[in-house]
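**Q** Position one of the sequence shown corresponds to residue 1 (full-length UniProt numbering), numbered consecutively onward.
Using N, Cα and C, we set each Cβ at its ideal position, and we do this for glycine too.
All values derive from a computational prediction rather than experimental measurement.
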Amino acid sequence: MSIADYKGVWVFAEQRDGELQKVSLELLGKGRDLADKLGVQLSALLLGSDIDSIAKELVAYGADKVIYADSPLLKHFTTDGYTKVICDLAGEVKPEAILVGATFMGRDLAPRVAARLATGLTADCTSLDIDPENRNLLMTRPAFGGNLMATIVCGDHRPQMSTVRPGVFEKLAKDTGRAGEIQKVAANVTESDIRTKTLDVVKALKDSVDIGEAKIIVAGGRGLGSKEGFEAL
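1) Going by DSSP, what residue range makes up the alpha helix (DSSP H) through Thr79?
2) In terms of residue numbering, what span does the beta strand (DSSP E) encompassing Pro142 cover?
3) Would you decide whether Phe144 is buried or exposed? Buried here means 16 or more other CB atoms lie within 10 Å of its CB.
4) Which value, in whole angstroms, describes the spacing of the CA atoms of Gly220 and Lys203?
5) For Ala186 and Leu148, what's the separation of their Cα atoms in angstroms?
6) Pairs of beta-carbons, one from the stretch 172-182 and one from the stretch 104-121, closer than 8 Å: are there three or more?
7) On a Cα-Cα basis, can you pick out the residue from Lys22, Thr163 and Gly31 that is closest to Thr122?
8) Sorted by chain position, which residues of the same chain lie with C-beta nearer than 6 Å to Thr21's C-beta, five sequence neighbours on each side aside?
9) Do Thr126 and Arg141 have their CB atoms nearer than 7 Å?
10) Please name the residue or residues paired with Ser162 in a DSSP beta bridge.
11) Can the beta-carbon of Glu130 be found closer than 7 Å to that of Leu42?
12) Would you tell me roughly how many angstroms separate the C-alpha atoms of Glu133 and Gly155, rounded to the nearest one?
13) Where does Lys30 sit, in a helix, a strand or coil, going by DSSP?
14) How long is the line joining the alpha carbons of Gly29 and Leu224, rounded to whole angstroms?
15) Helix or strand or just coil, what does DSSP make of Ala150?
16) Do you know offhand how far Phe77's Cα is from Ser49's?
This is how it looks when you write it as structure tokens:
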């Protein structure tokens, strides 16, 4: 198998309890740019159960194709189940690049997928580009405590894999009239493949604040004495 046989850019479309995560839309925006430079198709990889509406939304945000693995066993994230399905599909389709959000789910999933596919993974990238001479993905990330930026290339293996933190890239404007293909595929996974079982899902309070979406965070210790101390801070 030659590196030239790998074509296309994949974005792992992370959803939790049927809600698409913002970082997936941001990665579709960057993935669209990379796919256009390579002259290939941009596909969103969606795993879950009864989430057809999300597939349509992924097309509206830039995906040419949505590969949708639908199974009750994929309703809740499990490392074993998601890893097996993604690796089976990647082995069959052979994308040249896979982008994953650097969330708690992505940080668990991406290294396992990379190890099973015997390829490289660059974590927490702040910039992604294409080398026009050899089609390599140029993955830039902070190194040595943020004192310098390193550009990493996975030149001898495919797919090239990268994780990106939320908020690094901009999502595209939603285009509800955009056409794309939604391909439902069989999820080749059984209960025996999954070593863990989800007993219950406890959701955060709706009135809580997601500090991951904040542009500025003000933090103070007990030395402030009271809430009035934050005014001075």
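**A** Taking the definition as stated:
1) Thr79 to Val93
2) Leu137 to Ala143
3) exposed
4) 27 Å
5) 44 Å
6) no
7) Thr163
8) Position check: residue 21 holds Gln in this sequence, whereas Thr was assumed. Excluding positions up to five away in sequence, the list reads Glu14.
9) yes
10) Leu99 and Thr122
11) The amino acid occupying residue 130 in the given sequence is Ile; Glu does not appear at that position. Their beta carbons are not under 7 Å apart, which means Ile130 does not touch Leu42 by this criterion.
12) 12 Å
13) helix
14) 42 Å
15) strand
16) 11 Å
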